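Notes follow the structure.
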Amino acid sequence: MDHNADSSARLLNPNLADLSQPRAQAAGQPGDKRDVVPRAVQHAPLVRLCNALDAMFEACGHLPEPSHSGVFARSMRVALQEAAAHATLLTPAQREGSLQTYRRHLLAADRQGRYAIAALVWLPGQASPVHAHHTWCGYAVLDGTLSETVFEWNDPEQCASAARTQARERGAVSFVRSGRGSIHRLGNASDAPAVSLHVYGVPGPQIGSHVNDVVPVAQAFV
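Read the sequence shown against UniProt numbering and you will find it ends at 222, with the numbers running on by one and no gaps.
Right under this line is the structure:
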């Protein structure tokens with residue numbers, strides 16, 4: 001079986017064909033360059049990531065919540081590291097940022113709604129709000145350097161307090177489960193763009209509304 005062309009995920013880049021249906025170049029059309037590089041080859045790193053995620057769910061499918069498994073967490077980190085090592089993972093269009101705020105490019109979504117994959121582009125000075133997560137999520141830094149501030153939740157005060165800040169350079173990976181035990185803010189404090197790869201445990205259409213749990217922060221941090 002060709003695992004590079006057999007995935008339960010649906011690739012969302014409009015310039016891509018369905019990788020479960022590889023398309024050969026038509027004979028007698030020498031002027032048509034669209035398939036000189038087969039699409040299943042060109043985007044193989046993303047398909048391999050989808051296949052790795054599918055395998056993780058299959059391995060942990062007997063559990064009530066697969067993301068609570070140590071195997072799931074370790075496998076996620078490995079899958080992100082392997083995907084981040086490929087320079088061809090993203091197209092130039094998927095590396096474009098926005099002057100208003102960090103920009104999210106949806107790359108793939110599982111047909112069963114188990115996960116969605118996105119690239120986030122951070123221009124200098126851009127940052128996320130301080131947030132926990134409604135779902136599990138993992139990320140890897142593809143290019144540049146991100147700054148991650150980790151927070152601790154103060155239940156009596158119902159706010160988060162900054163605990164530490166660390167630089168997250170190219171190749172860094174992270175995985176967290178849902179809940180307010182993992183609160184952070186990601187941002188780009190450098191003078192160059194940064195790009196990160198994210199996997200969320202939600203259907204594709206929900207990555208903008210069902211991932212971040214924005215929390216209040218202690219006045220000292222504001």
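Yeah, the Cβ is synthetic: ideal placement off N, Cα and C, and Gly gets one too. Just so you know, these numbers come straight off a predicted model, no measurement behind them.
In the structure shown, Asp54 adopts helical secondary structure according to DSSP, grouped into three states. At a Cβ-Cβ threshold of 8 Å, Thr135 and Tyr200 count as neighbours. DSSP places Val215 in the coil class of the three-state scheme, outside both helix and strand. Your pair Val195 and Leu142 checks out as a contact, with CB atoms roughly 4 Å apart and the cut at 8 Å.
Per DSSP, the continuous beta strand (DSSP E) segment holding Glu148 begins and ends at Thr145 to Asn154. Counting C-beta atoms within 10 angstroms of its own C-beta, Val130 has 16 or more neighbours from the protein chains shown and is therefore classed as buried. When DSSP states are grouped into helix, strand and coil, Gln206 belongs to the helix group.
Looking at the backbone, the Cα of Asp54 and that of Phe175 are separated by about 17 Å. Judged by DSSP secondary structure, Arg74 falls outside any beta strand (DSSP E) and instead within the alpha helix (DSSP H) spanning Gly70 to Ala84. The beta carbons of Gly138 and Met76 sit closer together than 8 Å. Under DSSP, the beta-bridge partners assigned to Thr165 are Thr149. Counting only unbroken stretches of 3 or more residues, the beta strand (DSSP E) elements lying wholly within the region 80–139 are 103–110, 116–122 and 131–133, in sequence order.
Under the three-state reduction of DSSP output, Ala44 falls in the helix class.
Beta-bridge partners of Gly179 (DSSP): His133. The C-beta distance from Arg180 to Ala218 rounds to 14 Å, too long to meet the 8 Å contact threshold. Cβ atoms of Ala140 and Ala192 stay farther apart than 8 Å, at about 18 Å.
Beta-bridge annotation (DSSP): Leu186 is paired with Glu148. Taking the Cα of Arg164 as reference, the smallest distance to any Cα among Glu152, Val173, Pro156 and Gln158 is reached at Glu152.
Apart from the 5 residues on each side of it in sequence, Cys60 sits with its Cβ closer than 7 Å to the Cβ of Pro66, Ser69, Val71 and Phe72 in its chain, given in chain order. The residue among Ala116, Pro205, Ser128 and Leu49 with its C-alpha nearest the C-alpha of Val214 is Ser128.
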